[in-house]
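The structure appears right after this line, and notes come after that.
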Amino acid sequence: MKQNEPENLMSETSQAPRSGFARHIPLLVILGVAVAGFFTLGDYLSFETLRDNREALLAWRDGHYWVMAAAFVAIYIVIVAFSLPGAAVASMTGGFLFGLFAGTVLNVVAATIGASAIFLAARWGLGESLTARLESSEGTVKKLKDGLRENEISVLFLLRLVPVVPFFVANLVPALVGVKFRNFLITTALGIIPGAIVYTWIGVGLGGVFDRGGTPDVSLLWEPFVIGPIIGLCVLAALPIVIKALRANKDS
Numbered sequence: 055m056k057q058n059e060p061e062n063l064m065s066e067t068s069q070a071p072r073s074g075f076a077r078h079i080p081l082l083v084i085l086g087v088a089v090a091g092f093f094t095l096g097d098y099l100s101f102e103t104l105r106d107n108r109e110a111l112l113a114w115r116d117g118h119y120w121v122m123a124a125a126f127v128a129i130y131i132v133i134v135a136f137s138l139p140g141a142a143v144a145s146m147t148g149g150f151l152f153g154l155f156a157g158t159v160l161n162v163v164a165a166t167i168g169a170s171a172i173f174l175a176a177r178w179g180l181g182e183s184l185t186a187r188l189e190s191s192e193g194t195v196k197k198l199k200d201g202l203r204e205n206e207i208s209v210l211f212l213l214r215l216v217p218v219v220p221f222f223v224a225n226l227v228p229a230l231v232g233v234k235f236r237n238f239l240i241t242t243a244l245g246i247i248p249g250a251i252v253y254t255w256i257g258v259g260l261g262g263v264f265d266r267g268g269t270p271d272v273s274l275l276w277e278p279f280v281i282g283p284i285i286g287l288c289v290l291a292a293l294p295i296v297i298k299a300l301r302a303n304k305d306s
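Quick note on numbering: the sequence shown equals residues 55 to 306 in this note's numbering.
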């Protein structure tokens, strides 16, 4: 038995680094594909590609609606999960192919699944070690961590609703700071609905835009009748945080 102990020890030692590194493989794959996609897919996931192939896409949709819907969702999931360029184009394509209601539903489902995939990949890798460090931290970091825990739902909703926060940032940051996956899933599915409706709505009118030889006007996102309600939702999401802060100051 004693003669086998060194061999067992060497075996365990050699396996530990591999198991530790294995946790980071999904996130590394996502980052690698994201970088490669940024330099290679920009010209393909574009409005020009949609315009040039719209007749074939519409014909395929009319003949194989559910197959087209499943394929669209699968492609959108890959775009979001790997942070590839073209998410806005994909959202508008949903409206172009399936209309406002069905397009919005498909966009929300696909984006939520893709966001969950990158969240879990980050949580499995860097998120576990970073969360452990945050749990053992003190001082300012501890206060920030405790504040996030107390207002987790509100903060997650704000990350989704504030237009200037990139989608991939709202997917990665929560995973790295240890928020609950259930809360992430719920706030993602609900928080992206306003933006999804707007992008899908623009997509519904793409046929007429292409017929005129124009390009989609995404500046519609900043029109008062669009950005106003979104800002209102941001205020509602931030309200619990403000109320808790005011109560804390009053009690102190």
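Backbone N, C-alpha and C define an ideal beta-carbon position, used for all residues, glycine too. In this text the structure is predicted, and so the values were computed from the model without any measurement.
With a 10 Å radius around the Cβ and a threshold of 16 neighbouring Cβ atoms, valine 209 comes out buried. Inter-residue distance for methionine 146 and asparagine 205 is about 33 Å (C-alpha atoms, whole angstroms).
Taken through DSSP and simplified to helix, strand or coil, isoleucine 246 comes out as coil. Assigned with DSSP and collapsed to three states, serine 137 falls in coil, not helix or strand. If you look at arginine 214, you'll find it in the alpha helix (DSSP H) that goes 206-215. DSSP places arginine 108 inside the alpha helix (DSSP H), whose first and last residues are 108-117. Counting C-beta pairs with one atom in each stretch, the segment 142-157 and the segment 169-177 have fewer than three that are closer than 8 Å, which means they do not touch. By the criterion of a C-beta distance shorter than 7 Å, tryptophan 255 is surrounded in its chain by Gly149 and Leu154, once the five residues flanking it on both sides are discounted. Rounded to the nearest whole angstrom, the C-alpha separation of tryptophan 120 and isoleucine 297 is 47 Å. Look at valine 218 here: in three-state DSSP terms it is coil, with no helix or strand label. For lysine 298, the secondary structure class from DSSP, reduced to helix, strand or coil, is helix. The continuous alpha helix (DSSP H) containing valine 263 extends over residues 260-265. Counting of Cβ neighbours within 10 angstroms places valine 233 among the buried residues, the total reaching 16 or more. Ranked by how close their Cα comes to the Cα of leucine 202, the residues Ala128, Pro294, Ile167 and Ile172 have Pro294 in first place.
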